[in-house]
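Q: Take the sequence shown: its letter number 141 is residue 141 in our numbering, and every next letter is one higher.
Here a beta-carbon is modelled for each residue, glycine too, at the ideal position from N, C-alpha and C.
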Amino acid sequence: MDATDEADVAALFDGLPAPPRVVVYNPSARVRGPIAELSAEEVRRALEVTAIGAFLTGKHAARRMLAADPEDGTRGTILFTGASAGVKGFPQSAPFAMGKFAQRGLAESMARELHPKGIHVAWINIDGAILNPGRTEPADAPFSMLRPEAIARSYRHLIEQDRSAWSTEIAIRPWVERF
Numbered sequence: 001m002d003a004t005d006e007a008d009v010a011a012l013f014d015g016l017p018a019p020p021r022v023v024v025y026n027p028s029a030r031v032r033g034p035i036a037e038l039s040a041e042e043v044r045r046a047l048e049v050t051a052i053g054a055f056l057t058g059k060h061a062a063r064r065m066l067a068a069d070p071e072d073g074t075r076g077t078i079l080f081t082g083a084s085a086g087v088k089g090f091p092q093s094a095p096f097a098m099g100k101f102a103q104r105g106l107a108e109s110m111a112r113e114l115h116p117k118g119i120h121v122a123w124i125n126i127d128g129a130i131l132n133p134g135r136t137e138p139a140d141a142p143f144s145m146l147r148p149e150a151i152a153r154s155y156r157h158l159i160e161q162d163r164s165a166w167s168t169e170i171a172i173r174p175w176v177e178r179f
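1. Assign Leu16 to buried or exposed, taking buried as 16 or more other Cβ atoms, counted over all protein chains shown, within 10 Å of its Cβ.
2. From which residue to which residue does the alpha helix (DSSP H) around Phe96 run?
3. Among all the DSSP beta bridges, which residues are the ones paired with Phe55?
4. By DSSP, does Val23 sit in helix, in strand, or in coil?
5. Would you report the Cα separation of Pro19 and Ile170, rounded to the nearest angstrom?
6. Could you give the C-beta distance for Ile187 and Ile126, rounded to a whole number, given that I count them as a contact under 8 Å?
7. For a test of the three-state rule: what should DSSP assign to Ala122, helix, strand or coil?
8. Have a look at Pro91 and Arg30 and give me their C-alpha separation to the nearest angstrom.
9. With a Cβ-Cβ cutoff of 8 Å, do Leu47 and Met1 count as a contact?
10. Label His157 either buried or exposed according to how many other C-beta atoms from any shown protein chain fall within 10 Å of its C-beta, with 16 as the threshold for buried.
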């Protein structure tokens with residue numbers, strides 16, 4: 001599905017047999033280079049994926065979750081995968097920062113609107129390299145890359161948080177990350 005196409009996103013949520021309990025938006029797009037040389041079309045596409053796709057997903061997830069009538073008043077959780085670029089820009093990475101700042105603002109606004117209605121919304125700042133297949137850590141810095149299973153446990157913690165103490169933002173970083 002194309003996360004930037006509202007009809008695609010609406011069809012995904014409308015096709016579910018019941019309102020979702022958990023929605024995670026993880027897609028993003030990166031365009032790197034000197035600001036004076038970036039293509040407006042490439043930047044626009046990156047913003048569409050990172051920011052507009054997050055908006056469309058949040059909109060349609062919330063629409064379906066608001067239709068739910070749970071006994072405990074909790075309708076679901078919407079999580080947005082962010083990055084350190086959402087709190088600080090980096091040279092030659094302006095489009096990524098633009099998208100992640102927008103995503104962070106979206107999550108904050110949605111949380112303030114939807115928390116009272118029983119929908120938990122949070123933004124997760126993944127501030128470090130992720131240990132994926134084919135990547136290795138430096139021998140002198142064991143556990144310097146984020147483990148996917150550790151990230152997943154953090155997401156699960158957000159999903160399982162008691163409504164009386166919902167977090168709206170967390171940062172996940174390895175011990176070697178500078179901030």
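A: By the coordinates alone:
1. Here Leu16 is exposed: its Cβ has fewer than 16 other Cβ atoms, across all protein chains shown, within 10 Å.
2. For Phe96, the enclosing alpha helix (DSSP H) has its first and last residue at 94-114.
3. DSSP output for Phe55 lists no bridge partner at all.
4. Of the three classes helix, strand and coil, the one that applies to Val23 here is strand, per DSSP.
5. Spanning the two alpha carbons is a distance of roughly 25 Å.
6. The chain is shown only over 1 to 179; residue 187 falls outside these bounds and no answer can be derived.
7. Residue state, collapsed to three classes: strand.
8. In a straight line, the C-alpha of Pro91 is about 13 Å away from that of Arg30.
9. Contact: no.
10. With fewer than 16 Cβ atoms within 10 Å of its Cβ, His157 is classed as exposed.
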